[in-house]
Structures are given as C-alpha cells and as structure tokens.
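Undergrad: Structure below; questions to follow.
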Amino acid sequence: MAEYRGDALRVVRLFFGLFLYAVGIVLTIHANLGAAPWDVFHLGLTKHLGITLGTASVVTSVVIVAGSALMREHVGFGTLCNMIFIGVFVDVVIAMNWVPVLDALVPGVVMLVSGLFVIAIASFFYMGAGYGAGPRDSLMVVLTKRTGRTAGFCRICVEGTVLVAGWLLGGKVGVGTVISVLGIGFAVQIVFGLLRFDVKKIEQESFGETFRRIFSR
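For the sequence shown, this note's numbering assigns the number 32 to the initial residue and increments by one for each residue that follows.
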C-alpha cells in the first residue's frame, strides 16, 4: 500500500510540475516581447512545410523523443504527459484569463523573467518525479550527462541552437526571444542549484520499467 501511495505522490508531483510549466509559458507569452526560441523554430517550420503551429510542435516533439531514445535517454510516462498536458494546461490558463497581456517594456521584462524562473521550478518538480523528461528537456539532460557541463549551460546551448535554426527558417525574433535564450539557462542553474537538483543523478523510468514495477506487485 505504501508503494502505491508513493507512486500517487510522484504522479501528483509530475502533474503539478506540468501545470506550473504551462503557467510559466503563458507568462512568457503574455509578456508580449517576442516568441520563445522553440516557437521561433516552429514558426519557421510552418513557413516551409505548410503545416500549422500545433502540428509543427508535435512533429518536433516526436523527432526529439526519437533522437533522445537513440541516445539511450528513457522515454517514459512523464514524457508522454509532457507532450499532451502542457498544451492542454496552457489553453486552460489562457482561457481562465489569469495572466494579463502586457504592452510595456519594463513590466514585460519582469513578467518574462518571472516566467523563466517558474519554468525552471516546474522542471524541478516534473523531472524529479522520475517518469521521464519532456522532449525538449531531454536534450538538456542528454547533453548534461554526456558533456559533464551544468544543466544551465546545456539549456542555453539547446535554446541558442534552436533559435538560430528558427531564424534561418524565417521565424520572427524579438527582444524577448533573446532574453529567453540567455535567461532560461541562468534560471535553471539558479533554481537547480538552490534545490540541489542534479539531473545526472535522476534515474528516469521508461514505460516498460514503470509498467513492470507497478504490475509485478
């Protein structure tokens, strides 16, 4: 019984993290200072492939997950939930009109930076559940494990590469985009450092491992 209660708490932690991640995304969007790096990339894909923004996001997620799996990073229950529920939660937060859309530079920068820190805290919660990192965070995890560099540095590298690719594809870049690229790495490093969270030490469960562990009891 105690083991099932432990899994229940992990699932609660996972979904709390995913919801918090969605709140962070809405904060960065409603700061109204420019698209985030991944959105710049998605917008670039829509121009060249003639697909919707949502489809571009899903296709990108599938490709990243496949690449992460080839590099032996576990794809688990949390990975799937990340792909599905963050988008759902973003729609919920926007529909509830909890976060105003700003139109001034200084308040926008404050909201944007706050959103980056919320995303970093959310990453701590959902990744710490151990059910698998999300598609984009899995790239940070793989690089952190393979290079031995900090999570913040690897996050900046991922976001910067995606930004350049998106810009070359024709995606629009704003001041908020640049702040996001530089700021997310620092936010992740500060939050993970304060919470003593080392992504290299977290063993993420695959679907198979989670299934066997639960149903073999």
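Where is the CB? At the ideal position from N, CA and C, for every residue including glycine.
Closer than 8 Å is the cut-off here; do at least three beta carbon pairs connect the region 142–154 with the region 78–87?
TA: Judged by Cβ distances under 8 Å, the region 142–154 makes no contact with the region 78–87, as fewer than three pairs qualify.
Undergrad: How would you call V132, buried or exposed, if buried means at least 16 neighbouring beta carbons within 10 angstroms?
TA: Label assigned to V132: exposed.
Undergrad: From W69, L51, T175 and F46, pick the residue whose C-alpha is nearest to that of V209; which is it?
TA: V209 has its Cα closest to that of W69, out of W69, L51, T175 and F46.
Undergrad: For the alpha helix (DSSP H) that contains H126, what are its first and last residues?
TA: Before going further, note that residue 126 is Ala rather than His in the sequence given. Segment F108 to A126, the alpha helix (DSSP H) holding A126.
Undergrad: Figure out for me which residue from G48, G179, M171 and V193 has the closest Cα to the Cα of G109.
TA: Comparing Cα-Cα distances from G109 to each of G48, G179, M171 and V193, the minimum goes to G48.
Undergrad: Buried or exposed: which applies to E236, given that a residue is buried once 16 or more other Cβ atoms fall within 10 Å of its Cβ?
TA: It is buried - the Cβ of E236 has at least 16 other Cβ atoms within 10 Å.
Undergrad: Hey, would you say A62 sits closer than 8 Å to G207, going by beta carbons?
TA: In contact: A62 and G207 (Cβ atoms closer than 8 Å).
Undergrad: Going by C-alpha to C-alpha distance, which of C112, G183, C185 and I215 sits closest to L143?
TA: Residue I215 is the option with its Cα nearest to L143.
Undergrad: Taking contact to mean at least 3 C-beta pairs separated by less than 8 Å, is the region 41–60 in contact with the region 107–125?
TA: Enough Cβ pairs lie closer than 8 Å, so yes.
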